[in-house]
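Chemist: Take this structure first; my questions come after.
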Amino acid sequence: MTEKVIEYKSEQRVFQYKTTVELEKGSKDGLNWVTIYKPQLSIYSRLVESGFISWTFEWTELQKEGIDGFSGFIQVYLVKDGEKIPHLKYDVQLNACGQKITRRLGMFTDLTYDTSSTNIYCTYEFNLKSYNLATRTFPIDQLFISSADTDAILVVENYKIYVNKTFLSMHSDYFRSLFSANFKEASLSEIPIEEVKYEEFARLLALIHPKPITPTDESVESLLKLAEYFQMPAVICHVEQFLLGASHFDFFQLLFVADKYKMEKLIEKCIGMITTLDHVKRVKAFPEYENLAHITKSKILDRLMQVV
Numbered sequence: 002m003t004e005k006v007i008e009y010k011s012e013q014r015v016f017q018y019k020t021t022v023e024l025e026k027g028s029k030d031g032l033n034w035v036t037i038y039k040p041q042l043s044i045y046s047r048l049v050e051s052g053f054i055s056w057t058f059e060w061t062e063l064q065k066e067g068i069d070g071f072s073g074f075i076q077v078y079l080v081k082d083g084e085k086i087p088h089l090k091y092d093v094q095l096n097a098c099g100q101k102i103t104r105r106l107g108m109f110t111d112l113t114y115d116t117s118s119t120n121i122y123c124t125y126e127f128n129l130k131s132y133n134l135a136t137r138t139f140p141i142d143q144l145f146i147s148s149a150d151t152d153a154i155l156v157v158e159n160y161k162i163y164v165n166k167t168f169l170s171m172h173s174d175y176f177r178s179l180f181s182a183n184f185k186e187a188s189l190s191e192i193p194i195e196e197v198k199y200e201e202f203a204r205l206l207a208l209i210h211p212k213p214i215t216p217t218d219e220s221v222e223s224l225l226k227l228a229e230y231f232q233m234p235a236v237i238c239h240v241e242q243f244l245l246g247a248s249h250f251d252f253f254q255l256l257f258v259a260d261k262y263k264m265e266k267l268i269e270k271c272i273g274m275i276t277t278l279d280h281v282k283r284v285k286a287f288p289e290y291e292n293l294a295h296i297t298k299s300k301i302l303d304r305l306m307q308v309v
């Protein structure tokens, strides 16, 4: 496979900071994307109206050439008072076709052309380098090579992951059972792990590794899903700590994921940010509100009584 580097610079986009808008459908060298701007509440020291920008990437045709993903950066520029200034630079890794990268641009007041304007003048550029999983040598891939400490091989999507049974069993009831004499897998030289993606599973194990790798914003959802399936409560705790300081999730995303995975510290932080009747109305207007646990709804209503 020939390595591919895709560089792109957008034209200037002008849009209202309070309006969700599709900024672009773009394509270059087999990489396709859709860029969307969306306003939403986010957590600073309080709840603040903020702007988020997202890119959804797709490279189906390039997959046929052996390209499994891309890594690199996206740089956003704002035009303020007539001057183009670098705003934020985001390191990104694309692991799956259709993946969405969402980043918070900032508070409305920090984004507009000047203090009297409601317009945002924005350009962005990215530099993305392709990779193939079979030949990739990222730090995460180096965690699971054979060593004197490993005594089992897990096979995910035909890729071998070398692990220590005792260490993994300490963190996962699923693997404690799998490695027990009651399961045929315990006697296999290589144990297949079905219906999971290598990238997602490697990130799961990397979080409990003695040399752990921090989650990415894009890996949070799969980490929580797999942690629940493989019965790894420590992973959920690690992800909760990550989300308590995360910048690129809007308030509603944090509240609903905290409730779904029973992250009590994150639930308390989110509910503590509710300070107006409008905040409560906006939470209740979300379709996901009906799926919140009864106790979380009660806490929201209790909070409402404190702020009205």
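Once you know that position 48 of the sequence shown is 49 in my numbering, the rest is easy, because the numbers rise by one and skip nothing.
For every residue, glycine included, the Cβ atom is placed at its ideal position computed from N, Cα and C.
#1: Here's a check: name, in chain order, each residue in its chain whose Cβ is nearer than 7 Å to the Cβ of Tyr122, leaving out the five neighbours to either side.
#2: Any contact between the stretch 194 to 214 and the stretch 84 to 91? By contact I mean 3 or more CB pairs, one from each, below 8 Å.
#3: Quick one: Cα of Lys185 to Cα of Ile154, how far?
#4: Going straight from the alpha carbon of Gly70 to that of Leu255, what length do you get?
#5: Distance, Cα to Cα, Leu144 vs Trp34?
#6: How big is the Cα-Cα spacing for Glu84 and Pro213?
#7: If we define contact as Cβ-Cβ less than 7 Å, is Thr277 a contact residue for chain B?
#8: For the ligand NAP, is there a heavy atom less than 6 Å away from the beta-carbon of Ile194?
#9: State the CB to CB distance for the pair Leu189 and Val236, rounded to an integer number of angstroms; the pair is presumed to be in contact (CB under 8 Å).
#10: Please report the Cβ distance between Ser43 and Phe252, rounded to the nearest whole angstrom; I am assuming they are in contact, meaning their Cβ atoms lie under 8 Å.
#11: Taking the alpha-carbon positions, what's the His249 to Tyr262 distance?
#12: Given a cut-off of 7 Å on the beta-carbon distance, is the pair His239 and Leu208 in contact?
#13: Quick check on this structure: which residue in Arg104, Gln64 and Glu23 has the alpha carbon closest to the alpha carbon of Ala97?
#14: With the cut-off set at 7 Å, would you say Leu112 and Gly52 are in Cβ contact?
#15: Name, in chain order, the residues that DSSP records as bridge partners for Cys123.
#16: For Ile7, collect the residues of the same chain with a Cβ closer than 6 Å to its Cβ; drop the 5 residues on either side in sequence, then sort them by chain order.
#17: Would you kindly work out how many angstroms separate the C-alpha atoms of Thr151 and Thr110, rounded to a whole number?
#18: Look at Leu302 and Leu267 and say whether their C-beta atoms are less than 7 Å apart.
#19: From this set, Ile141, His295, Ser147 and Ala135, which residue's C-alpha is nearest Tyr160's C-alpha?
#20: What residues match up with Ser28 in a beta bridge as DSSP calls it?
#21: For Leu278, count neighbouring Cβ atoms within 10 angstroms of its own Cβ and tell me buried if that reaches 16, exposed if not.
#22: Where does the unbroken alpha helix (DSSP H) through Ala286 begin, and where does it stop?
#23: If I measure Cβ to Cβ from Gly27 and keep anything under 6 Å in the same chain, skipping five residues before and after, which residues do I get?
#24: Who are Thr103's beta bridge partners in DSSP?
#25: Entirely within the stretch 210 to 292 and at least 4 residues each: give me those alpha helix (DSSP H) ranges in chain order.
#26: Counting only the same chain and skipping the five closest in sequence on each side, list residues whose C-beta sits under 7 Å from that of Arg105.
#27: Below 8 Å on the Cβ atoms is my guess for Val156 versus Glu126; work out the distance and round it to an integer in Å.
#28: Looking at the structure shown, is Asp115 part of a helix, part of a strand, or coil, going by DSSP?
#29: How should Thr36 be labelled, buried or exposed, when 16 other C-beta atoms within 10 angstroms of its C-beta is the threshold for buried?
#30: Using the C-alpha atoms, what's the distance from Arg177 back to Lys282?
#31: Where Gly273 and Phe139 are concerned, what is the direct C-alpha to C-alpha distance, given to the nearest angstrom?
Modeler: Considering the structure as presented:
#1: Gln13, Val15, Leu79, Val80 and Tyr114
#2: no
#3: 14 Å
#4: 27 Å
#5: CA-to-CA, the gap between Leu144 and Trp34 works out to about 32 Å.
#6: 41 Å
#7: Any reference to chain B falls outside this structure, which holds one protein chain only.
#8: This structure simply doesn't include the ligand NAP, nor any ligand for that matter.
#9: So it is not a contact: roughly 25 Å between Cβ atoms.
#10: 6 Å
#11: When the Cα atoms are used, His249 and Tyr262 turn out to be separated by approximately 19 Å.
#12: Yes, they are a contact pair.
#13: Gln64
#14: yes
#15: Arg14 and Leu79
#16: Lys29, Asp30, Leu32 and Leu129
#17: Each residue's alpha carbon lies about 53 Å from the other.
#18: no
#19: Ala135
#20: Asn33
#21: Label assigned to Leu278: exposed.
#22: Leu278 to Ala286
#23: Trp34
#24: DSSP, once it has assigned bridges, lists Ser55 as partnering Thr103.
#25: Runs of alpha helix (DSSP H) with 4 or more residues, each lying fully within the stretch 210 to 292, are found at 221 to 230, 234 to 245, 252 to 261, 265 to 273 and 278 to 286, listed in chain order.
#26: Ser43, Ser51, Phe53, Ser248 and His249, listed in sequence order.
#27: Not a contact, Cβ separation roughly 39 Å.
#28: Coil, per DSSP.
#29: buried
#30: 45 Å
#31: 39 Å
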